[in-house]
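Participant:
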Amino acid sequence: MYSLQLQEEKVFKDPVHKYIHVQDQTIWDLINAKEFQRLRRIRQLGTSYLTFHGAEHSRFSHSLGVYEITRRIISQFERSGYSDWPQEERLLALCAALLHDLGHGPFSHSIEEAFQMHHEDWTCRIIRENSEIHEVLRRISDDFPEQVASVIQKTYDKPIVVHLVSSALDADRMDYLLRDAYFTGVNYGTFDMDRILRVLRPYRGRIVVKESGMHAIEDYLMSRYQMYWQVYFHPVTRSSEIILRQIFKRAQELYDNGYSFQFMLEPLPSLFEGKISMEQYIRLDEALIQTVFMQWTQEQDEILADLCDRFMERKLYKYVTLDHLDDQQKDKIYEQFVHAGLNPAYDLEIDSPTDLSYSIYRSGEHPMGKQIVLLNHHEQLREISEVSEIVRSISGIRKGKFRLYFPENKLRAVAHLLDREISKLFDMPTT
């Protein structure tokens, strides 16, 4: 699989990688396809811009970054002459790296949860169906779009190609940690990527790490740990995500019940009906959604109008943190909210970080899956947590505390109707 080389290399100036180099005509054509350009209008970190004001970077810039890291890894493999790297897979790996987030919708994971969608499914539909992306890939061969989709779906028959894009130590994670740290203004996500790239090796059909590079990997995993808990799991970001999901939930309920919206834009009706086409889906971006939300602040439905106003004006839910919360306590809280005239479906959210679809690093999984494997000078392979005490200490699922999210103004207005125990729990006045 080969692509024509550009007559002159194209270069993007990038704040994270300094420069992103494009040498292949296929990659350049993919970048200029309308489906890829749409990623300029999708934020990388969803609603995190409401917590970290600099987090305005896009899926477009992240995708270019993943491509660049993959290009650098492959170039190093080729310069070093590693026989375990299949050179004919170069273009496939670069295309999969560039397109891996192609199907992300507005505000990323929040809209996926609301409408039971998955961005990988949409990515593969755009690659396989009648799109500009599909046409560019077909210029390589008729089956090339399917090969790219199979890498993204992790079903391609050469795992080494998949691992470059999706594994515990892949180009995707390395870029988003560095990029998200840069734009949020935190230092947690920084690590020595140059050192990591130097110690990566293709070995017996997979990507491994030279044992002398273990400390660089420890640093990378600690960066992931800190970023997840300090940025991705940030409680204020969770508040904005909760309100966003509630907007979609309320709008869906109203649509299903025949409510007459004062304002509606295509393709939202198709989205609510679960019949959205690929052509309609690529019209969905954050500008469209926020335009609708701003108009919905004037809707007759008070719940929808209030939620949209909260999201657009950053009037987020307050939260209280609990170490423990059992079912009996939950039932009492629900009962008290109903007694006070509140609606627990929209005025209360019980959240825990363990509900999130992230994992920092899990040891003990299948070696060809999510493990990071070290290669010693005897050519023996060992999973990193077997060697590193630091990695063992942060591996696995860590149960976070419970947080109760609620609209403070509403709860304060009815605080006198709550019993003393519940008022104290929510830090409300008892007199």
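All residue numbers for the sequence shown refer to my numbering, where the first residue is -6 and numbers rise by one.
The beta carbon of each residue, even a glycine, is placed where N, CA and C say it ideally should be.
Bear in mind the structure is a predicted one, so any value in this text is a computation, not a measurement.
1) What does Lys314 pair with, by DSSP beta-bridge criteria?
2) Where do the ends of the beta strand (DSSP E) carrying Asp344 lie?
3) DSSP three-state call for Pro360: helix, strand or coil?
4) DSSP on Glu204, reduced to helix/strand/coil?
5) By Cβ distance, which residues of its chain are closer than 8 angstroms to Leu368, with the 5 residues on each side in sequence left out?
6) With DSSP as the reference, please indicate the residues paired to Phe5 in a beta bridge.
7) Is the distance from the Cβ of Ala406 to the Cβ of Ser416 below 8 angstroms?
8) Unbroken alpha helix (DSSP H) runs of length 4 or more, entirely within the stretch 88 to 149: which are they?
9) Quick test of the definition: if touching needs 3 or more C-beta pairs under 8 angstroms, does the stretch 14 to 34 touch the stretch 122 to 137?
10) When you compare only the Cα positions, how much space is there between Cys88 and Leu341?
11) Taking a contact to mean a Cβ-Cβ separation below 8 angstroms, would you say Val224 touches Tyr181 in this structure?
12) According to DSSP, is Gln0 helix, strand or coil?
13) Please determine, among His317, Glu105, Asp17 and Arg83, the residue with the shortest C-alpha to C-alpha distance to Asp344.
14) What first and last residue would you give for the alpha helix (DSSP H) that runs through Arg231?
15) Looking at the structure shown, is Arg36 part of a helix, part of a strand, or coil, going by DSSP?
16) Let me check understanding here. Comparing Cα to Cα, which of Gln283, Thr314 and Gln293 lies closest to Gln255?
17) I need the DSSP call for Arg197, collapsed to helix, strand or coil.
18) Starting from Glu272 and walking both ways along the beta strand (DSSP E), at which residues does that stretch end?
19) Rounded to the nearest angstrom, what separates Gln140 and Leu95 at their Cα positions?
20) Would you decide whether Val15 is buried or exposed? Buried here means 16 or more other CB atoms lie within 10 Å of its CB.
21) Count the C-beta pairs between the stretch 32 to 40 and the stretch 143 to 159 that are closer than 8 angstroms, then say yes if the count reaches three, no if not.
22) Look at Met271 and Glu122 and say whether their C-beta atoms are less than 8 angstroms apart.
23) So what's Glu328 in DSSP terms, helix, strand or just coil?
24) Tell me Glu376's beta-bridge partners as DSSP assigns them.
25) Residues in the same chain with beta-carbon distance under 7 angstroms from His10, minus the five sequence neighbours each way, listed in chain order, please.
26) Can Gly198 and Phe45 be called in contact, C-beta distance under 8 angstroms?
27) Going by beta carbon distance, what residues of the same chain come within less than 6 angstroms of Pro422, once the five residues before and after it are set aside?
28) With distance defined between alpha-carbon atoms, name the residue in Ser381, Leu397 and Ser160 nearest to Gln364.
29) Residues bridged to Ser51 by DSSP?
30) Here's the rule I'm using: 16 or more other beta-carbon atoms within 10 Å means buried, otherwise exposed. How should Leu404 be labelled?
31) Out of Pro8, Ala26, Ser51 and Lys6, which one is the CA nearest neighbour of Ala280?
32) Given Phe330, which residues of its chain have a CB within under 7 angstroms of its CB, disregarding the five upstream and five downstream residues?
33) So, with DSSP's three-state summary, where would you put Arg303?
34) What did DSSP end up calling Gly58 once you bin it into helix, strand or coil?
35) Taking all protein chains shown into account, decide if Leu(-3) is buried (16 or more other Cβ within 10 angstroms of its Cβ) or exposed.
Facilitator: Taking the coordinates as given:
1) Looking at the sequence shown, residue 314 is not Lys but Thr. Residue pairing of Thr314 in beta bridges, as defined by DSSP: Arg396.
2) Start and end: Glu342 to Asp344.
3) Caution is warranted here: a pLDDT of 47 is assigned to Pro360, below 50, making its placement in the model unreliable, and the coordinate value is therefore given only provisionally. Reduced to three states, the DSSP call for Pro360 is coil.
4) helix
5) Arg194, Tyr196, Val201, Val202, Lys203, Glu204 and Leu374
6) By DSSP's assignment, Phe5 forms a beta bridge with Ile13.
7) no
8) 102 to 108, 112 to 121, 125 to 131 and 137 to 145
9) yes
10) 43 angstroms
11) yes
12) strand
13) His317
14) Pro228 to Asp249
15) strand
16) Gln293
17) coil
18) Here Glu272 belongs to no beta strand (DSSP E); instead the alpha helix (DSSP H) covers Met271 to Tyr274.
19) 16 angstroms
20) buried
21) no
22) yes
23) helix
24) Beta-bridge pairing links Glu376 to Val366.
25) Gly58 and Glu61
26) no
27) Ala408
28) Ser160
29) Arg36
30) buried
31) Residue Ser51 is the option with its Cα nearest to Ala280.
32) Pro337, Asp340 and Leu341
33) Residue state, collapsed to three classes: helix.
34) helix
35) exposed
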